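Read top to bottom, the protein sequences are chains B and F. With the first letter of the first sequence counted as 1, position 145 gets the number 144 in numbering that gives the first Met the number 0; the numbers rise by one all the way through. With the first letter of the second sequence counted as 1, position 20 gets the number 19 in numbering that gives the first Met the number 0; the numbers rise by one all the way through.
Number of protein chains: 2
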Amino acid sequence: MARTYGGVAPEQRRADRRARLLTAGLELFTSTGFRHTKITDVCARAGVSTRNFYEEFTGKEDVLRTLHDQINSLALAHVTAELDKVADADALTRISTLLDVFIATVTVDPRMPRLNYVEAVGVSPELEAQHQVWVDRWANFIAAEATRAAEHGVAPKRDYRLTAIALVGAGTGLLREWQAHDPPLPVEEIGAEFRAMMLSAIMRPEKILELPGNPGARSGVEQSSRAGARGDARRT
Amino acid sequence: MARTYGGVAPEQRRADRRARLLTAGLELFTSTGFRHTKITDVCARAGVSTRNFYEEFTGKEDVLRTLHDQINSLALAHVTAELDKVADADALTRISTLLDVFIATVTVDPRMPRLNYVEAVGVSPELEAQHQVWVDRWANFIAAEATRAAEHGVAPKRDYRLTAIALVGAGTGLLREWQAHDPPLPVEEIGAEFRAMMLSAIMRPEKILELPGNPGARSGVEQSSRAGARGDARRT
DNA sequence: AACCGTTGGTAATCGAGATTTTCACAAAGT
DNA sequence: ACTTTGTGAAAATCTCGATTACCAACGGTT
Numbered sequence: 000m001a002r003t004y005g006g007v008a009p010e011q012r013r014a015d016r017r018a019r020l021l022t023a024g025l026e027l028f029t030s031t032g033f034r035h036t037k038i039t040d041v042c043a044r045a046g047v048s049t050r051n052f053y054e055e056f057t058g059k060e061d062v063l064r065t066l067h068d069q070i071n072s073l074a075l076a077h078v079t080a081e082l083d084k085v086a087d088a089d090a091l092t093r094i095s096t097l098l099d100v101f102i103a104t105v106t107v108d109p110r111m112p113r114l115n116y117v118e119a120v121g122v123s124p125e126l127e128a129q130h131q132v133w134v135d136r137w138a139n140f141i142a143a144e145a146t147r148a149a150e151h152g153v154a155p156k157r158d159y160r161l162t163a164i165a166l167v168g169a170g171t172g173l174l175r176e177w178q179a180h181d182p183p184l185p186v187e188e189i190g191a192e193f194r195a196m197m198l199s200a201i202m203r204p205e206k207i208l209e210l211p212g213n214p215g216a217r218s219g220v221e222q223s224s225r226a227g228a229r230g231d232a233r234r235t
Numbered sequence: 000m001a002r003t004y005g006g007v008a009p010e011q012r013r014a015d016r017r018a019r020l021l022t023a024g025l026e027l028f029t030s031t032g033f034r035h036t037k038i039t040d041v042c043a044r045a046g047v048s049t050r051n052f053y054e055e056f057t058g059k060e061d062v063l064r065t066l067h068d069q070i071n072s073l074a075l076a077h078v079t080a081e082l083d084k085v086a087d088a089d090a091l092t093r094i095s096t097l098l099d100v101f102i103a104t105v106t107v108d109p110r111m112p113r114l115n116y117v118e119a120v121g122v123s124p125e126l127e128a129q130h131q132v133w134v135d136r137w138a139n140f141i142a143a144e145a146t147r148a149a150e151h152g153v154a155p156k157r158d159y160r161l162t163a164i165a166l167v168g169a170g171t172g173l174l175r176e177w178q179a180h181d182p183p184l185p186v187e188e189i190g191a192e193f194r195a196m197m198l199s200a201i202m203r204p205e206k207i208l209e210l211p212g213n214p215g216a217r218s219g220v221e222q223s224s225r226a227g228a229r230g231d232a233r234r235t
């Protein structure tokens with residue numbers, strides 16, 4: 000067993016087919032849409048037989064999950080690499096770096112945000128779990144940098160977990176719009192907005208605003224539990 | 000034609016079935032997941048035959064689109080109603096109101112954000128278009144309030160379109176996490192975070208930060224077009 | 001009370017696409 | 001050259017769910 004075929008090792012041939020399937024999947028999922036792409040379409044475009052498909056993946060979703068992971072991993076790798084290079088820069092520079100590299104990486108190819116933020120949503124519990132994991136990772140990243148900024152005295156010392164989650168959401172929203180809009184939104188403006196929002200969210204004072212006399216909105220709409228509605232979220 | 004059956008007019012019976020189908024759809028789409036719910040499931044739970052189903056809807060997606068629209072419309076109605084009540088309050092109070100009412104409305108039932116931000120994503124071009132329309136509406140709303148704040152001198156005069164889109168994304172992200180997390184995130188903290196982020200994003204100065212000497216990240220990663228990387232996005 | 005038009009539920013059809021199996025070939029070892 | 005075995009294409013099967021068609025029941029009408 001394990002002979003070399005066609006000049007290349009079987010391992011290599013396998014890897015090639017797998018790579019081609021992933022490429023085809025990325026292309027079709029983001030154009031036809033995941034729901035409407037058939038396995039045979041992917042196989043046809045990749046030049047791979049269905050038999051080989053099932054040798055590599057358990058089904059369509061498996062391909063999607065792999066792509067989703069790949070894209071996030073790629074971005075994370077780029078970000079960590081850059082962050083290492085500016086290991087001892089000031090905190091705000093590091094945050095800007097994190098963000099610039101992230102945006103730069105995923106906007107290289109509009110199919111990446113499309114797959115990550117549109118096609119891979121609401122497909123299966125497994126994929127939702129995977130999404131959850133990545134949101135956590137990115138949020139932790141952001142929170143860690145924010146904490147660092149706080150230690151350097153350029154941001155207040157507080158819990159940044161929710162802020163980080165909201166920032167991940169902001170980035171997701173911007174990128175989803177970016178890839179959907181026609182005419183396309185300029186990448187530079189997306190990046191600038193994301194950066195400004197992140198910096199202002201991190202550097203903002205604990206109490207943004209003490210509402211005068213009338214404290215916020217209060218009326219007809221049935222409201223579940225409205226404690227802490229004046230911005231006094233706090234931990235510990 | 001048009002007799003009264005079972006005591007009620009046929010119109011009424013139709014409307015009832017339609018309503019029951021929508022309720023069943025909301026329940027099943029958010030538990031089983033849209034992909035994996037079958038039309039017959041919806042019919043069974045609603046106590047409606049497939050024949051009647053096709054009298055009301057063209058298919059599963061039609062139900063989903065209707066629900067998506069309903070939820071957004073509900074939230075918008077609540078928000079505009081409240082905003083009218085504080086028509087001449089100061090700008091920041093209005094913004095807080097907008098936000099509080101929105102959060103209060105959609106967190107009444109976790110199935111709403113689940114359907115809106117998870118199940119209804121990446122299903123079909125039509126649904127994506129509908130999503131786009133709603134993002135635009137909400138973003139315009141936010142941008143209008145921000146502009147109002149600027150006119151009152153509590154925020155800089157600038158273009159708030161992208162900021163508004165990012166804020167919509169932030170809200171989406173927070174709510175998606177909220178409905179997915181176990182143990183659940185406290186609603187009050189979500190609201191507080193969203194409000195703080197919105198206020199700091201709107202009130203932030205034009206130039207958040209002039210990067211010192213080394214201007215941001217620049218290196219290995221291939222970058223598409225990096226003009227404006229120092230935050231000089233501007234219109235007109 | 002018999003009739004007719006409308007309505008609803010059930011059961012059959014129909015089609016699409018995923019998964020498996022078969023078959024022929026090609027390449028390596030002997 | 002011959003056998004053996006991995007490999008790929010295509011065809012066959014097989015399952016599932018959407019859609020349609022049919023039949024029964026019901027209520028008002030005469």
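No residue lacks a Cβ here, since even glycine has one placed at the ideal position from N, Cα and C. Quick caveat, the model's predicted, so the values are computed rather than measured.
- For the segment 127 to 144 of chain F, the set of positions with a beta-carbon nearer than 8 Å to some beta-carbon of chain B reads E127, Q131 and V134 in chain order.
- Selection F:V134, F:L166 and F:P185 evaluated against R160 of chain B yields F:P185 as nearest (Cα-Cα).
- Of all alpha-carbon atoms in B:F52, B:D89, B:P182 and B:G58, the one lying nearest the alpha-carbon of A14 of chain B is that of B:F52.
- For the C-beta of E26 of chain F, not a single chain B residue is nearer than 9 Å; the gap to the nearest is close to 16 Å.
- The residue among F:A18, F:D61 and F:E60 with its C-alpha nearest the C-alpha of R44 of chain F is F:A18.
- For a Cβ distance threshold of 7 Å, nothing in chain F lies close to M111 of chain B: the least Cβ distance comes to about 12 Å.
- At a Cβ-Cβ threshold of 8 Å, T29 of chain B and R110 of chain B count as neighbours.
- Per the coordinates, the alpha-carbon of G170 of chain F lies some 12 Å from the alpha-carbon of A103 of chain F.
- Contact annotation for V41 of chain B against chain F: no contact, minimum CB-CB distance about 17 Å [criterion: below 8 Å].
- Residues of the segment 143 to 165 of chain B with a C-beta less than 7 Å from any C-beta of chain F: L161, T162, I164 and A165, listed in chain order.
- Looking at B:A200, B:A179 and B:D181, the one whose alpha-carbon comes closest to that of L166 of chain B is B:A200.
- Distance from the CA of E81 of chain F to the CA of L21 of chain F, rounded to the nearest whole angstrom, comes to 27 Å.
- With a minimum length of 3 residues, there is no unbroken run of beta strand (DSSP E) contained wholly in the segment 94 to 140 of chain B.
- Between the segment 80 to 95 of chain B and the segment 58 to 66 of chain B, the count of Cβ pairs shorter than 8 Å is below three; the stretches do not touch.
- Among the residues of chain B, those whose CB is under 9 Å from the CB of R34 of chain F are R34, G121, V122 and S123, following chain order.
- Of the candidates B:Q129, B:L27, B:I94 and B:D87, B:Q129 places its Cα closest to the Cα of Q69 of chain B.
- Rounded to whole angstroms, S123 of chain F and G58 of chain F show a C-alpha spacing of 13 Å.
- When Cβ-Cβ separations below 8 Å define contact, V105 of chain F makes no contact with chain B.
- Interface criterion not met: the Cβ of S30 of chain B is under 8 Å from no Cβ in chain F.
- Only those residues of the segment 51 to 76 of chain B whose C-beta falls short of 7 Å from the nearest C-beta of chain F would be listed, and there are none.
- Going by C-alpha positions, D108 of chain F is about 14 Å away from V117 of chain F.
- Against chain B, the CB of G172 of chain F has a partner CB under 8 Å away; the residue lies at that interface.
- Put simply, the backbone Cα of K206 of chain B is about 25 Å away from that of D89 of chain B.
- Listed in chain order, the alpha helix (DSSP H) elements of length 4 or more contained wholly in the segment 154 to 201 of chain F are 160 to 179.
- Under a criterion of Cβ atoms nearer than 8 Å, no residue of chain F is adjacent to S48 of chain B; the nearest Cβ is some 27 Å distant.
- Between the C-alpha atoms of L25 of chain B and A145 of chain B there is a straight-line separation of about 34 Å.
- Apart from the 5 residues on each side of it in sequence, A23 of chain F sits with its Cβ closer than 7 Å to the Cβ of V41, R44 and A45 in its chain, given in chain order.
- The C-beta separation of F140 of chain B from L97 of chain B comes to about 7 Å, placing the pair in contact by the 8 Å criterion.
- Secondary structure of V85 of chain B (DSSP, three-state): coil.
- A residue is called buried once 16 or more other Cβ atoms fall within 10 Å of its Cβ, and G152 of chain B, having fewer, is exposed.
- Between the C-alpha atoms of T92 of chain B and V100 of chain B there is a straight-line separation of about 12 Å.
- In the three-state DSSP reduction, S72 of chain B falls in the helix class (H, G or I).
- Separation of A163 of chain F and T39 of chain F (C-alpha to C-alpha, rounded to the nearest whole angstrom) is 41 Å.
- Under the 8 Å criterion on CB atoms, A90 of chain F is classed as non-interfacial with respect to chain B.
- For A142 of chain F, the secondary structure class from DSSP, reduced to helix, strand or coil, is helix.
- Looking at the backbone, the Cα of L75 of chain F and that of P204 of chain F are separated by about 29 Å.
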